[in-house]
Amino acid sequence: MGHVSVTDHRAAVERLLGDGSTERVPLDRHAAGRRLAADLVAADDLPRFDASAMDGYAVCPGSPDQRAYPVVGDVPAGSAPDFVLAPGEAARVMTGARVPEGTVAVVPVERTDASPTGPAPQRVTVEVDPIPGQHVRPRGEDVTAGTVLATAGSAVTAALIALGRSAGCTTVEVHVPTRVAVIATGAELAPPEADPGAGGIHESNSDMVAALAAAAGCVVHRVEVCSDEPDDLRALLDALDTDSEVDLVVTTGGVSAGAYEVVRQVCEPLPSFDFVHLAMQPGGPQGLGRYGSTPVVCLPGTPVGAFVAFHVLVRPALDRRHGVPATRPGRAAYVGRARRTRTGRVQFVTSVLRDDGTVTAPDARHLTALAAANCLVEVPEGVDQLIEGDVVVVHPV
Numbered sequence: 000m001g002h003v004s005v006t007d008h009r010a011a012v013e014r015l016l017g018d019g020s021t022e023r024v025p026l027d028r029h030a031a032g033r034r035l036a037a038d039l040v041a042a043d044d045l046p047r048f049d050a051s052a053m054d055g056y057a058v059c060p061g062s063p064d065q066r067a068y069p070v071v072g073d074v075p076a077g078s079a080p081d082f083v084l085a086p087g088e089a090a091r092v093m094t095g096a097r098v099p100e101g102t103v104a105v106v107p108v109e110r111t112d113a114s115p116t117g118p119a120p121q122r123v124t125v126e127v128d129p130i131p132g133q134h135v136r137p138r139g140e141d142v143t144a145g146t147v148l149a150t151a152g153s154a155v156t157a158a159l160i161a162l163g164r165s166a167g168c169t170t171v172e173v174h175v176p177t178r179v180a181v182i183a184t185g186a187e188l189a190p191p192e193a194d195p196g197a198g199g200i201h202e203s204n205s206d207m208v209a210a211l212a213a214a215a216g217c218v219v220h221r222v223e224v225c226s227d228e229p230d231d232l233r234a235l236l237d238a239l240d241t242d243s244e245v246d247l248v249v250t251t252g253g254v255s256a257g258a259y260e261v262v263r264q265v266c267e268p269l270p271s272f273d274f275v276h277l278a279m280q281p282g283g284p285q286g287l288g289r290y291g292s293t294p295v296v297c298l299p300g301t302p303v304g305a306f307v308a309f310h311v312l313v314r315p316a317l318d319r320r321h322g323v324p325a326t327r328p329g330r331a332a333y334v335g336r337a338r339r340t341r342t343g344r345v346q347f348v349t350s351v352l353r354d355d356g357t358v359t360a361p362d363a364r365h366l367t368a369l370a371a372a373n374c375l376v377e378v379p380e381g382v383d384q385l386i387e388g389d390v391v392v393v394h395p396v
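Per numbering that gives the first Met the number 0, the sequence shown runs over residues 0 to 396.
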């Protein structure tokens, strides 16, 4: 089993997965959460016309001191006025309605003698001197056609859907989600509601990794639990390799140097596979390659090791395929009691990043600490202890 660095193996996973594809989809609720593969550009001005910002009266004063106006039209939202305001005239307008040509300002209905409901009056008296442009949203005030609304790599959010649709965009170019199958291996794994017996354990890796993949923007196509029988795993991988709905297989377990390491037994003889032990804790045993034409990433079997390895090694490759901009890990000051660490390997310590910008590693161990954590603290190979005040590298999870 070879020894490679975390950086080198992460790069190997990225090469294995390669670039994803893109597609053009409707700009609607189903696009939410996707990443733009191209800039989203406004197709129309926003607003599309000079629009009233208030329910009130569009006025064109005939003199500086004019207060009373004949009302020559009524413009509800969605209509297009077919008249022009002449000096000295007014028209009732609703919020968002297109104001007639000739409008100088809109006076809110509350500042007139008119009723806010019922038919438009024949005349209206305003209580204020209209200020040119007041309560009128000029065409293109928010966005003009051709404006870049969001750049490639941006997430399609509810707000971006509203902006894009309001600016006349109907479709958007996005990255296609990676379709993932997850296989948890181990004869000891008991599915939910099954009795694990005297020597078994409750299986958790399959749905944990599936949840991690979904959080990374993947479509989880299949989730399987497989025994330690090589023929069973081989049959499952054969089926997944012929499944056109699978872009990536992620396995857990069976990658160490023991006697019942089923993933290594099945995949190591294949020329494209490489099994290594990273200078990393947890999650040192790793593997990757192609089964047929399908990329396969092999993670360790411990839940904490699989969780950390997914975040450190697999998530960056998925982010790249999905167009997520690369981000640098943050830094924070370590607080709490001194913590011994092992030298000779990079350690990723499940930790809690606090609101005050400090980070602490829970005293709890293993899954209890993982469930409480919101970040991983990266401890370099040559560091043997964390003490209060140390500045550490933090990876959100």
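Here a beta-carbon is modelled for each residue, glycine too, at the ideal position from N, C-alpha and C.
Owing to the predicted nature of the structure, the values given are computational and were not obtained by experimental measurement.
Contact belief for residue i with residue j at Cβ below 8 Å, rounded distance in angstroms
| i | j | result |
| --- | --- | --- |
| VAL56 | GLU88 | A small fix is needed here, since residue 56 is Tyr in this sequence, not Val. Not confirmed; about 10 Å, so no contact. |
| THR251 | ALA183 | 5 Å |
| VAL249 | LEU239 | Wrong, their Cβ atoms sit about 11 Å apart, outside the cutoff. |
| LEU317 | PHE347 | Rounded, the Cβ-Cβ distance is 18 Å, inconsistent with contact. |
| LEU178 | ASP246 | The sequence as given places Arg at residue 178; Leu does not occur at that position. 5 Å between Cβ atoms; contact. |
| PRO99 | VAL74 | 7 Å |
| ALA278 | HIS2 | 6 Å |
| THR102 | ASP27 | Not a contact, Cβ separation roughly 34 Å. |
| VAL296 | VAL313 | 6 Å |
| ALA42 | CYS168 | 5 Å |
| VAL390 | PRO328 | With 8 Å as the limit, VAL390 and PRO328 do not qualify as a contact, their Cβ atoms being about 12 Å apart. |
| VAL262 | HIS8 | About 16 Å separates the two Cβ atoms, so there is no contact after all. |
| GLU223 | LEU235 | 6 Å |
| ALA151 | LEU159 | With 8 Å as the limit, ALA151 and LEU159 do not qualify as a contact, their Cβ atoms being about 13 Å apart. |
Where the alpha helix (DSSP H) containing residue i begins and where it ends
| i | result |
| --- | --- |
| ARG320 | 314-320 |
| GLU13 | 5-16 |
| GLY163 | 157-165 |
| HIS365 | 365-371 |
| ALA234 | 229-240 |
6 Å CB neighbourhood of residue i in its chain, flanking five on each side removed
| i | result |
| --- | --- |
| SER226 | ALA186 |
| SER153 | LEU35 |
| GLY61 | PRO86, GLY87 |
| THR349 | ALA368, LEU369, ALA372 |
| GLU22 | VAL175 |
| ALA325 | none |
| GLY95 | ALA50, ALA76 |
| PRO281 | VAL303, GLY304, VAL307 |
| GLN133 | ALA104 |
| HIS321 | ARG34, HIS174, GLY216 |
Burial state of residue i, where buried means 16 or more other Cβ atoms lie within 10 Å
| i | result |
| --- | --- |
| ASP112 | exposed |
| VAL71 | buried |
| ALA11 | buried |
| PRO46 | buried |
| HIS310 | buried |
| LEU298 | buried |
| GLU260 | buried |
| ARG122 | exposed |
| LEU16 | buried |
| GLY343 | exposed |
| ARG339 | exposed |
| VAL401 | This structure cannot speak to residue 401, because the chain is shown only from 0 to 396. |
| THR359 | buried |
Through-space distance from residue j to residue i, alpha-carbon basis
| i | j | result |
| --- | --- | --- |
| VAL105 | ALA79 | 16 Å |
| GLN65 | VAL58 | 10 Å |
| VAL5 | GLY388 | 26 Å |
| ASP383 | PRO315 | 27 Å |
| ARG330 | SER203 | 31 Å |
| GLY32 | THR143 | 25 Å |
| ALA332 | GLU377 | 12 Å |
| ALA212 | PRO131 | 56 Å |
| ASP18 | PRO137 | 43 Å |
| ALA308 | ASP141 | 45 Å |
| VAL181 | PRO395 | 23 Å |
| PRO302 | ASP206 | 11 Å |
| SER165 | PRO63 | 37 Å |
| ASP44 | GLY139 | 5 Å |
Chain-order list of residues whose beta-carbon lies under 7 Å from that of residue i (same chain, five-residue window excluded)
| i | result |
| --- | --- |
| ASP231 | CYS225 |
| GLY198 | GLU187 |
Start-to-end residues for the beta strand (DSSP E) that takes in residue i
| i | result |
| --- | --- |
| PRO69 | 67-74 |
| LEU45 | It is not in any beta strand (DSSP E) - LEU45 carries neither H nor E in the DSSP assignment. |
Residues near residue i in its chain [Cβ-Cβ closer than 8 Å; skip 5 each side]
| i | result |
| --- | --- |
| ARG233 | VAL265 |
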